[in-house]
Amino acid sequence: MSELKLLLVDDEVEFLEPTAARLARRGIQCRAVASGDEALRALGEEAFHCAVVDVKMPGMDGLELLRRITRDYASVPVILLTGHASVELGVKGMELGAFEYLLKPVEFDLLLDTIRRAAALRST
Amino acid sequence: MPSNPYRTMRRQIMAVLLAFGLVPLLAMGAAGYVANRAAIETRTRNLLEAMVKNRKATIDLFLEDRMRDLELVAASFSAEALTDEARLDGLLAQLRREHGGIIDLGLIDSDGVHRAYVGPYNLRDRNYSDQEWFEHVMVQGRYESDVFLGFRRFPHMVMAVRKRDLGRDWVLRATIDTDMLSALVREGGIESGAEVFILNRAGEYQTAMAPHHVLMTKSDLGPLPVHSGVRVVTRRSAKNTEFIATTWLRGGAWVLVARQEAPGLGQLLNAHPAVLGVFVAGLVLVPVLARVVAVARLRQIRALERERANLFETAAQSQKMAAIGRLAASVAHEINNPLAIIDAQVGVLADSLDDLAGVGDASEWRLRLAKIAAQVDRARKVTHRLLGFSRRVGPDIEPVDVAAALEETISFVEREALASSIRIVREVERDVPLIRTSLAQVQQVFLNLINNAIDAVGAGGEVRIKVAAARDGVEVTIADNGPGIRPQDLDRIFEPFFSTKAGGGLHSGLGLAICKDVMQSLGGRISVTSTVGKGTCFTLWFPMEAEVGGVGTQAVARG
């Protein structure tokens, strides 16, 4: 299996760095960015198999980013990840085309598994 | 209790209803009475007037007849013939035969000496010259006395006529029995129901009808004014109203009186029993109906007020839950992010330990990292539980197999329960229907209640869960054999932040409040029974179809 390329978007740098490190360790090449704008720039520069997006972010929030990705980069599945549990938010995310909706702190194995399933969906 | 508002209200309602019912009734009654009384009074006066007129004619005729008889005898026979007592006796017998009422007959000479007498008394040779009536008849030619009681104590009167014969004046005198007169007078009263009698000029009874009419005594009317024709006067006193009809007889010597009381209320009502019945029925029914209506209205008002109080309470509870929900959600959010970071950092460290395999005592590091990870996991459970979050997103109403949902929920906790040797017993009835409800929320309730039960029974306890079809829905009971809940706490366990559990971060005091809120929002019910020392049993009832938009807020479940 070729190396998985993941876009990780979260305004918490403290979260980005260790998470990216752990994923890299498992053969997932991570590009970690701290805002929606940066994420869009990264998407313009290279192709990703999957994106993990925090919902609550200053500036462009995760839902807006999701909307842009499904519109402009429809082949990239998006996993929403948030500390703010809300059924409405989850439903909205799924309606907008999110692949999955996960709650922080997420069990790492679950996150890994979800990323792999999403990437597999993309490659088929 | 003067401050009881319901009693005051009932009194007011009744007062208004009574006024509305009784005022028209009494007004109509009064109007009817006045109209009727006026009519009856007019009729009574007319009847009295007609009767008196009629009696007067009869009485005048009676007296006139007697006088004419006497005058006829005086004119027809010579003084000589009349002095013959045998002849006189024959005449008396003949008069008695023809008219009756004549008691005796006598002839008196101009000196006032009774020259001849036939009759029951020994009046012959009696001298009348000094008597007033004798002078009267000698001057006027005829005389009628008032009524008086003679020796024998029966009423009678005297009539006398003057006669010229043999060159001198004679007087023919007769005593008239007035029983007949009285009978004629009474007859009018018997017809009309009035008291009818004759008074003389001095106001003394000349005939009697009622027991209090004592002959020759003065009546309570006193001397009456002389007038012509018939006069009817109305005499009103505090006691009664009476009509008095009068007409004068014998040129003003006697007055014929008919008196009758105006009819009272009683008589009027007796005359119209149907009216009386309606009136009495109204008087009885109006207060009864007023009371019935007042009591019914009051019951309605009370029910409405109770309902309002309940709604108020529910609304207050919902607001509280919503506020708590918002607070809990933001707290959980704030905690989840640092937790995620700690989790990630621990993960990195654990990963890098693998690289250091064989260097130093890695197992000590691994153990401590595992402990940190375990605490993060525990904190995660708290925040997730607090949020009531379920990975099954969407509060969609869908067909739910309650038993299957329950089984799935139990699977989350059973391992933990078995570790504490707690038995979970299922009793699932067959043919439990599918219900339409929110699976996520139903499971949230099950999880809260089962966790509570597990916490309550402690090691070695038993949790018994039953699922059964119930009227219009499905009933689930979750019973434990734990220590039970004290009766004074039982009422409060559904209140937010109320907890009987000692300490422990897992117990927010919101679990049962959330359960109640969710059950309400799904149109279901939750109730509890408990016996201290025996255990607690929660009963859930789910309707066949959840009512979306129930009273509950779902605030916590939505965050």
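Here the protein sequences line up with chains A and B, keeping their order. Residues in the first sequence are numbered consecutively from 718, following my numbering. Residues in the second sequence are numbered consecutively from 51, following my numbering. Quick reminder that beta carbons are idealized off the backbone N, C-alpha and C, glycines included. As the structure is a computational prediction, the values presented were derived from the model and not from experiment.
- For the stretch 386 to 397 of chain B, the set of positions with a beta-carbon nearer than 9 Å to some beta-carbon of chain A reads Asn386, Asn387, Pro388, Leu389, Ala390, Ile391, Ile392, Asp393, Ala394, Gln395, Val396, Gly397 in chain order.
- Within the stretch 798 to 822 of chain A, contact with chain B at the beta-carbon level (separation under 7 Å) is assigned to Gly800, His801, Ala802, Ser803, Val804, Glu805, Gly807, Val808, Met811, Tyr818, Leu820, Lys821, Pro822.
- Shown here, A:Thr799 sits in a strand according to DSSP, grouped into three states.
- Secondary structure note for B:Arg286: its beta strand (DSSP E) is the uninterrupted segment 280 to 286.
- When CB distances to chain A are screened at a threshold of 7 Å, not a single residue of the stretch 336 to 364 of chain B falls below it.
- DSSP lists B:Phe198, B:Asp227 as the beta-bridge partner residues of B:His206.
- Along the length of the stretch 479 to 537 of chain B, whole alpha helix (DSSP H) runs at least 4 residues long occupy 489 to 507, reported in chain order.
- Secondary-structure assignment with DSSP links B:Glu311 through a beta bridge to B:Glu292.
- A straight-line Cα-Cα distance of about 35 Å links B:Met594 and B:Ser380.
- Spatial neighbours of B:Phe544 in its own chain (CB-CB distance under 7 Å, excluding positions within 5 residues in sequence) are listed in chain order as Leu562, Ala563, Lys566.
- Here A:Tyr818 has Leu797, Gly807, Gly810, Met811 as same chain residues with Cβ atoms under 7 Å from its own Cβ, once five neighbours each way along the sequence are excluded.
- With 16 or more neighbouring CB atoms inside 10 Å of its own CB, B:Pro546 falls in the buried class.
- Residues of the same chain with a CB within less than 8 Å of the CB of B:Trp183, apart from the 5 flanking positions on each side, are Tyr193, Ser195, Val208, Ala210 in chain order.
- Against chain A, a Cβ distance below 7 Å from B:Asp401 picks out Arg739, Arg742.
- Here B:Gln190 is exposed. Its C-beta has fewer than 16 other C-beta atoms within 10 Å.
- For the set B:Glu363, B:Gln310, B:Ser287, the Cα lying nearest the Cα of B:Ala260 is the one of B:Gln310.
- In the three-state DSSP reduction, B:Gly156 falls in the strand class (E or B).
- Cβ neighbours of B:Lys103 within its own chain (closer than 8 Å, five residues either side excluded): Val280, Thr297.
- DSSP places B:Leu75 within a helical segment (H, G or I) once states are collapsed to three.
- For A:Val770, the enclosing beta strand (DSSP E) begins and ends at 767 to 771.
- Taking the Cα of B:Ala129 as reference, the smallest distance to any Cα among B:Asn501, B:Arg165, B:Gly140, B:His206 is reached at B:Arg165.
- For A:Pro735, the chain B residues whose Cβ falls inside 7 Å of its Cβ are Ala394, Gln395, Gly397, Val398, in order along the chain.
- When the five nearest sequence neighbours on each side are left out, the beta carbons in the same chain lying within less than 8 Å of the beta carbon of B:Arg137 are those of Phe127, Ala131, in order along the chain.
- Under the DSSP assignment, A:Leu724 falls in the beta strand (DSSP E) whose first and last residues are 721 to 726.
- When Cβ-Cβ separations below 8 Å define contact, B:Val426 makes contact with chain A.
- Segment contact: the stretch 233 to 241 of chain B against the stretch 153 to 173 of chain B, fewer than three CB-CB distances shorter than 8 Å; contact not assigned.
- A straight-line Cα-Cα distance of about 10 Å links B:Glu245 and B:Val235.
- Per DSSP, reduced to three states, the secondary structure at B:Ala166 is strand.
- In the structure shown, B:Pro449 falls within a strand segment according to DSSP collapsed to helix, strand and coil.
- Counting every other CB atom within 10 Å of its CB across the protein chains shown gives A:Asp826 a total below 16, marking it as exposed.
- Check the Cα spacing between B:Gly79 and each of B:Arg418, B:Gly523, B:Tyr178, B:Leu333: the tightest is with B:Leu333.
- Just measuring C-alpha positions, the residue of B:Leu489, B:Thr364, B:Leu67 sitting nearest B:Arg341 is B:Leu67.
- Residues of chain B with a Cβ closer than 7 Å to the Cβ of A:Glu729 are, in chain order, Asn387, Ile391.
- The stretch 531 to 543 of chain B makes no contact with the stretch 477 to 490 of chain B: fewer than 3 CB pairs, one atom from each, lie closer than 8 Å.
- Listed as beta-bridge partners of B:Tyr193 by DSSP are B:Ala210.
- Under a criterion of Cβ atoms nearer than 7 Å, no residue of chain A is adjacent to B:Arg473; the nearest Cβ is some 29 Å distant.
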